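Peer 1: The opening position of the sequence shown corresponds to residue 856 in the numbering used here, with each subsequent residue numbered one higher.
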Amino acid sequence: MARVQAGEDGGGACAHAHEGTAMPFVHLHNHTEYSMLDGATHVKDMVRRAADLDMPAVAITDHGVMCGVPELCDACAAVERETGKKVKPIYGCEIYFTEDPEVGTKKRSPLYHMIMLAKNSEGYHNLLHLVSESHMDNYYYKPRTTLDMIKKHAKGIVATSACIAGIIPRRLRERDVAGAREWAQTFKDIFEPGDFYIELQDQGISTEEGFSQHELNVQLSNLAHDLGLETIATNDFHYLTREDAKAQDIMLCIGTGSNYDDENRMRFANDEFYMKTEEEMREALRDFPEACDNTVKVAEKCSVELERDSILPRFPLPEGYTEEMLFREECEKGLIHRYGNNGEITTMDELRAARPDVVERYEYEAGVIIQQGFPAYFLIVQEYIRWAKDNGIGVGPGRGSAAGAICTYAMGITDLEPLDNGLLFERFLSPERVEMPDIDVDFDDQHRQDVIDHVRDFYGADHIAGVITFGKLQAKNAVRDAARVLGHPYGVGDKICKTIGDELGITLDDALENNVDLKKMYDDDADTRDIIDAARSIEGNIRGEGVHACATIICRDPLVDHVPVKRDTKGGGMITQYDGHYTPELGLLKMDFLGLRTLGVLSRACKNVKARHGLEIRPDEIPIEDAEAFRLMRGEMRWGMDGLFQVEGALYVSLFSRLPPRRFSDIVASIALNRPGPLESGMVDDYVKVANGTTEIHYYDDRLRPILEETYGTMVYQEQIMQISMAMSGFSAGKADRLRKAMGKKKLDIMRQLQADWNEGAVENGYSLEIAKQIWEDAEKFAKYAFNKSHSAAYALLVMRTAYLKAHYPYEFMAAVLSSYMGNADRLIKYISSCTHSGIPVLPPDVNTSNLEFTPLEEGIRFGLAGVRGIGEAVAQSIIDEREANGPYSSLHDFVNRLDAKCYNRKTLEALVKSGAFDSTGYTRKQLMHFIDDTPLLESAAKRQKDRDAGQVSMFDLFADVPDSGFDDDVPAPDGIEWDKRMLLAYEKEILKIYVSDHPLRPYERSLESVTKYHLGDLAEHKGDIKNAVFAGLVASVTVKMTRKGTKMANFDLEDTTGHMECVCFKYSDFEEAIQEDAIVKIKGRFEHSERGDQILAFEVERLDVDSMRETPSNLQISLAAADFDQSVATRLYGILGDYPGNDPVVLYVEQSDGRKFRAELPIKVDAADNLLYSGIMTLFGRPVWKSLQEQRR
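Now the structure itself:
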């Protein structure tokens, strides 16, 4: 290689040589969309262009990561299948090299770029380690790679000096030729002979120091010549074609938070950073033809095949056991436990005699599992489920197709008996294809991480990782980003997004083609056109990374031996750099640990039942057929379905009114049916008609009745299509599963092949061809709506468990539901409203009866102390511990004198008082606040605490309990003077974030229902916008600001008894009198559902006449047996009623022993909407003896 002089023109000779003898060209320094918000090249598009340009290979070298490696592998294989052209993938990374061996200790040392390419399998594994270590151990703003790390992992890697940001070009830019030479020699010595290259680029830019790239290339080429190094040519491309430069520039703006027109933002100097042709590369570097030729030599060096073999963890085995032996032993022990008639059957021989069907199914399944090499998989899952159960962590009964296996049922992995429920093993694991099983497990969401931590401890921290996810720019997000980058107000992009609509997965091209309104906006408005065009150019690009919500990789070896890893987005746990789509393909075991709130609710509810009733209820022992649970879901009990798993909400209330559940299979079918597809197709309507007997049931052929009978002749489940193909056409189970997948995914070529077998097999088995064709046609139609029965049945099991507990123990169950939403004000409002309407009082916190969470009591459900604003869990626990040790608190003075002063301050006491936590001491909240604000209560308590801490015993402590000693606590008597109701509730909401004891709108609730049909608490579940609607409620949190046009607008909250919703009114000046704090208003407007949050856009706001709305008093009815009612009870009842004065009459019904009833209207009126009233009555009688206003209305 000859030295080149600066300014020397070798173009003619080079061009002539190129015509006859030049080798092809390979791009070795390239950035895809995995160089997040910098690269804008889609991997498959890059490979297609390489094939189109007849390039034999292409590399991936994203900034600091290897995320795109498996996609490049798949893309090369796919392009070869599509075009017949082989493009070899080269796996690499552009690392951030630092001279500082102590990364991030004191300062941000300079970073230099450097390209690393895996030459062989050893190089690939070294690159995995190098990139992973940079992220896990040396991350300081960016993943940093030190010289020692490179020395340790250099073998099998081809490296280059990179772009002008590499350390060697940087030294030359600084005119430090000796330093550049020293670093080049260092790298030459580190890497294997011939594996370090000097990189040349020329996109026509200049450095900050004034060097042109050609001048630098001359120096770099001469340096290479002097040291015996080869050069390579690259273009450091970040986008595919020159026309994509603007798209990449917009992505840069998104990443840096800049506007496109900002002058001083980060941007590329020109539009030359694209995937150039060989001719363009040779022309750009015409003085260095060998640099282009060498790219092919490097590509020929690099050959790595990604490993695909299964790397299941090694399950620790008892001595003398194989995985198969232990798997069989666990299955057989479980079968005897599950089917052994409570210990009557103790051996497999006895079970085989009693239940041959069970043993036959087990032996078939075990044979498939063992033959496919998966016993260890089942042992792994069983181990962490067993650990969770042993440690009191709620575990789901199963999900997905795994519930169809008798082996999972026997091993305690699932709880659903598969034979009686007609579940198929082959839906889970086909004997005709070897695919890793996929068992997802639900855990109590509060303890899911505990299970993952256990698995990490069990297998080793470096063997476990989460899984990265990549968020891509979908149509509406692309529009919002493009609008911002182009400098438009948020509302401009938002308007376009609303016009696009909410269709899942829609592209901008589809929207323009099918949406007349959007197309008109695009054609008529230049700004809209610019935004949409910009959005189309970036649509589908990766915008950011996250962590998969539930996936965890468990590996036999340290993970870094197989995949690159990094820290999660919060800088904490380890995650893979390959996403979950690829990890199983690379042989890694991916387990999904899901968090399910319902499991925590079940655990809490069972604990509540035990605490109140002494009954031990296990969720997995709750019956799946229970008359009271079905009554509840049919709407025959006052408790309602709020809080039930899966089936709460208007959709299920509507479905169950049309299809009343009477057996477990009805719930299974309901879960499968109540989805958008079946609902929109009319399938549900047809099902309801046959289920209710208004349409005749048809089974096609009576031999198919056993398969279709439970769903009234309708194919609801995927398993039914499989069963019909086996029963009618003689398909094997594996072939039936292939049919299911082909129909579900509309794979027409496979369907055509199988249809012939379907018809032929049916005729051979005595079915008419006409029937076979009819069933095929119906199956094909239903296939896209058919649901996985195993999943539906497993979730129906959870429905029954929640329904059973709510039907039999409503207070205990709803206390558990409320506790699960502690801290979530919106959900608490919803469920407290539900409790109130079903006659379950929810009571404010109480220092004498509250626990940390919501507690079920005779008189109602008591708010938990941990939910009081400003009261931490530790303080709440101290209050409870002192109470349990030394009895209830008699007064606020007693409280501050008994509790360690470190546990409270003025704000703590104020929060407890305002929330009602001292109501049980007999003092009003107003008087208690007087004690705090206007007396030396706190100072005295602090002094006594100080004396105690100093070991001094005060006269007070010695004689406090001696009457008239002069040292007893001077506690004033209750004065009975209280704040008005409005202030009480305002303070209560301030502290608890919600109204508990009552709601300001309660007296107007019925009137508001005549104004609007919408409950604000239900709007969040509404899909899409609601136009021209009327809403009503209480105005709160009003803020007024000026618009860009100089007019006033208002943001405020609208509240009702079920929840609240943010409102915006752009015509504040027109409705200023109505939009006032605490005003009750009617709003005409539009509900908007968007990614940024739901809101009501108010067009008109009208203040309602409160006086005319106040509801006519409705009597409170109390029913008692004569045996329960005497003078003492009457006196106490009258005292309770007198504590809650209002406008509602009280009617007493007393039933005599002979059945006669006496009615008396008591000479007192109460506030029948006050929950505390019911609490008092409940305390007196120990059971609900009233008929509430809500029940009377129903």
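All C-beta atoms, glycine included, are put in the ideal place defined by N, C-alpha and C. Since this is a predicted model, take the numbers as computed values, not measurements.
Is it the case that the Cβ atoms of Val1936 and Ala1884 are separated by a distance below 8 Å?
Peer 2: Looking up residue 1936 in the sequence shown gives position 1081. Looking up residue 1884 in the sequence shown gives position 1029. Contact flag unset, no.
Peer 1: When DSSP builds the beta bridges, which residues end up paired with Ala1466?
Peer 2: Mapped onto the sequence shown, residue 1466 falls at position 611. For Ala1466, which the question treats as bridged, DSSP gives no partner whatsoever.
Peer 1: Considering Ile915, what are the terminal residues of the beta strand (DSSP E) in which it resides?
Peer 2: Translated into the one-based positions of the sequence shown, residue 915 becomes position 60. It spans Ala912 to Ile915 - the beta strand (DSSP E) in which Ile915 sits, taken as one unbroken run.
Peer 1: Between which two residues does the alpha helix (DSSP H) containing Arg1193 stretch?
Peer 2: Locating residue 1193 in the sequence shown gives position 338, where the first residue counts as 1. Unbroken alpha helix (DSSP H) run through Arg1193: Glu1178 to Tyr1194.
Peer 1: DSSP three-state label for Val1984, please.
Peer 2: Counting from one through the sequence shown, the residue named residue 1984 turns up at place 1129. Val1984 falls in the helix class under three-state DSSP.
Peer 1: I need the boundaries of the beta strand (DSSP E) containing Val1304, first residue and last residue.
Peer 2: For the purposes of this step, residue 1304 is taken as residue 449 along the sequence shown, with counting starting at 1. Inspection of the sequence shows that residue 1304 is occupied by Gln rather than by Val. Note, Gln1304: premise wrong, no beta strand (DSSP E); alpha helix (DSSP H) at Arg1303 to Tyr1314.
Peer 1: Shortest alpha-carbon distance to Glu949 belongs to which of Cys1352, Ser1458, Ser1945 and Leu983?
Peer 2: Here residue 949 refers to the residue found at position 94 of the sequence shown. When only C-alpha atoms are compared, the closest one is Leu983.
Peer 1: Quick check on the burial criterion: 16 or more other C-beta atoms within 10 angstroms. Buried or exposed for Asn1547?
Peer 2: What you label residue 1547 is simply residue 692 of the sequence shown in a count that begins at 1. Burial call: exposed.
Peer 1: Could you give the residue range of the beta strand (DSSP E) that holds Met1904?
Peer 2: Here residue 1904 refers to the residue found at position 1049 when the sequence shown is read from its first residue. First-last of the beta strand (DSSP E) with Met1904: Lys1903 to Asp1911.
Peer 1: Does DSSP put Trp2041 in a helix, a strand or coil?
Peer 2: Here residue 2041 refers to the residue found at position 1186 of the sequence shown. Strand, per DSSP.
Peer 1: So is Ala868 buried or exposed if we call it buried at 16+ other beta carbons inside 10 Å?
Peer 2: What you label residue 868 is simply residue 13 of the sequence shown in a count that begins at 1. The predicted model places Ala868 with a pLDDT of 28, which falls under 50 and marks its position as unreliable, so this point remains unresolved.
Peer 1: Have a look at Asp1823 and Leu1793 and give me their C-alpha separation to the nearest angstrom.
Peer 2: Taking the first residue of the sequence shown as position 1, residue 1823 is located at position 968. Taking the first residue of the sequence shown as position 1, residue 1793 is located at position 938. Note that Asp1823 scores 42 on pLDDT, short of 50, meaning its location in the model is unreliable and no value can be drawn from it.
Peer 1: For Cys1108, which residues in the same chain have their Cβ closer than 6 Å to its Cβ, ignoring the five residues on either side in sequence?
Peer 2: Locating residue 1108 in the sequence shown gives position 253, where the first residue counts as 1. Once the five neighbours on either side are set aside, the close Cβ partners of Cys1108 are Tyr1115 and Val1340.
Peer 1: Where do the N-terminal and C-terminal ends of the alpha helix (DSSP H) with Val1826 fall, by residue?
Peer 2: Within the sequence shown, numbered from 1, the residue matching residue 1826 stands at position 971. Segment: none, Val1826 is in no alpha helix (DSSP H) and carries neither H nor E.
Peer 1: Rounded to whole angstroms, what's the CA-CA distance from Ser1745 to Trp1242? Just pull it up for me.
Peer 2: The residue given as residue 1745 occupies position 890 in the sequence shown. The residue given as residue 1242 occupies position 387 in the sequence shown. Using only the alpha carbons, I get a separation of about 45 Å.
Peer 1: Taking only three categories from DSSP, how would you classify Pro1818?
Peer 2: Along the sequence shown, one-based indexing puts residue 1818 at 963. Low confidence applies to Pro1818: its pLDDT is 45, below 50, so where it sits in the model is not reliable enough to give any reading.
Peer 1: When DSSP builds the beta bridges, which residues end up paired with Val1420?
Peer 2: Here the question's residue 1420 lines up with position 565 in the sequence shown. Answer by DSSP bridge pairing, in chain order: Thr1431.
Peer 1: Three-state secondary structure (DSSP) at Asp926?
Peer 2: Stepping through the sequence shown from its first residue, residue 926 is reached at position 71. According to the sequence displayed, residue 926 carries Glu and not Asp. Helix at Glu926.
Peer 1: Does the Cβ of Leu1274 have 16 or more other Cβ atoms within 10 Å, making it buried, or fewer, making it exposed?
Peer 2: As a position in the sequence shown, residue 1274 is number 419, starting the count at 1. Its Cβ having fewer than 16 others within 10 Å, Leu1274 is exposed.
Peer 1: Tell me which residue opens and which closes the beta strand (DSSP E) that Thr1324 is part of.
Peer 2: Locating residue 1324 in the sequence shown gives position 469, where the first residue counts as 1. Element bounds for Thr1324: Ile1319 to Lys1327.
Peer 1: Please state whether DSSP places His1854 in a helix, a strand or coil.
Peer 2: Walking along the sequence shown from the start, residue 1854 turns up at place 999. DSSP places His1854 in coil when its eight states are reduced to three.
Peer 1: Can you give me the Cβ contacts of Tyr1650 inside the same chain, cut-off strictly under 8 Å, excluding the 5 residues immediately before and after it?
Peer 2: Residue 1650 sits at position 795 when you count from the first residue of the sequence shown. Within the same chain, Tyr1650 has close Cβ partners Arg1254, Phe1500, Gln1501 and Ile1526.
Peer 1: Using three-state DSSP, classify Pro1173 as helix, strand or coil.
Peer 2: Here residue 1173 refers to the residue found at position 318 when the sequence shown is read from its first residue. Residue state, collapsed to three classes: coil.
Peer 1: So Ser1674 is in the alpha helix (DSSP H); what residue range does that whole segment cover?
Peer 2: By one-based count along the sequence shown, residue 1674 stands at place 819. Boundaries of the alpha helix (DSSP H) harbouring Ser1674: Pro1665 to Ser1675, taken from the DSSP string.
Peer 1: Return the first residue and the last residue of the beta strand (DSSP E) that Tyr967 is part of.
Peer 2: On the sequence shown, residue 967 is found 112 positions in, with the first residue counted as 1. Per DSSP, Tyr967 belongs to the beta strand (DSSP E) from Tyr967 to Ala973.
Peer 1: Going along the chain, which residues of its own chain have a beta-carbon closer than 7 Å to the beta-carbon of Trp1834, five neighbours each way excluded?
Peer 2: Locating residue 1834 in the sequence shown gives position 979, counting from the first residue. Result list for Trp1834: Arg1780 and Lys1781, in chain order.
Peer 1: Does the distance from the C-beta atom of Glu1162 to that of His1318 stay below 8 Å?
Peer 2: Translated into the one-based positions of the sequence shown, residue 1162 becomes position 307. Translated into the one-based positions of the sequence shown, residue 1318 becomes position 463. Cβ distance not < 8 Å, so Glu1162 and His1318 don't count as in contact.
Peer 1: Does the Cβ-Cβ distance between Gly1719 and Ser1675 come in under 8 Å?
Peer 2: For the purposes of this step, residue 1719 is identified with residue 864 of the sequence shown, where counting begins at 1. For the purposes of this step, residue 1675 is identified with residue 820 of the sequence shown, where counting begins at 1. Result no, Cβ atoms of Gly1719 and Ser1675 do not sit closer than 8 Å.
Peer 1: His1877 and Phe1786 look like a contact to me (Cβ under 8 Å); what is the Cβ gap, rounded to whole Å?
Peer 2: Position 1022 of the sequence shown, counted from the first residue, corresponds to residue 1877. Position 931 of the sequence shown, counted from the first residue, corresponds to residue 1786. No, His1877 and Phe1786 are not in contact; Cβ-Cβ is about 47 Å, not under 8 Å.
Peer 1: With H, G and I counted as helix, E and B as strand and the rest as coil, what does DSSP make of Ser1587?
Peer 2: Residue 1587 sits at position 732 when you count from the first residue of the sequence shown. Three-state result, Ser1587: coil.
Peer 1: Would you mind reading off the limits of the beta strand (DSSP E) that contains Gly1532?
Peer 2: In the sequence shown, counting from the first residue as 1, residue 1532 sits at position 677. Counting along the chain, Gly1532 falls outside any beta strand (DSSP E), though it belongs to the alpha helix (DSSP H) covering Pro1531 to Ser1536.
Peer 1: Val2002: which of Ser2008, Ile1991, Ala1796 and Glu2016 sits nearest, CA to CA?
Peer 2: On the sequence shown, residue 2002 is found 1147 positions in, with the first residue counted as 1. It is Glu2016.
Peer 1: Taking the CB atoms as reference points, tell me whether Leu972 and Leu1027 lie closer together than 8 Å.
Peer 2: As a first step, residue 972 is located in the sequence shown; it is residue number 117 there, counting from the start. As a first step, residue 1027 is located in the sequence shown; it is residue number 172 there, counting from the start. Contact flag unset, no.
Peer 1: Looking at Lys1685 and Gly1360, is the spacing between their C-beta atoms short of 8 Å?
Peer 2: If you number the sequence shown from 1, residue 1360 lands on position 505. If you number the sequence shown from 1, residue 1685 lands on position 830. At least 8 Å separates the beta-carbon of Gly1360 from that of Lys1685.
Peer 1: Give the list of continuous alpha helix (DSSP H) stretches no shorter than 4 residues that lie fully inside the stretch 1025 to 1066.
Peer 2: 1032 to 1045
Peer 1: Pull up the DSSP beta-bridge partners for Pro998, would you.
Peer 2: Translated into positions along the sequence shown, residue 998 becomes position 143. DSSP output for Pro998 lists Tyr994 as bridge partner(s).
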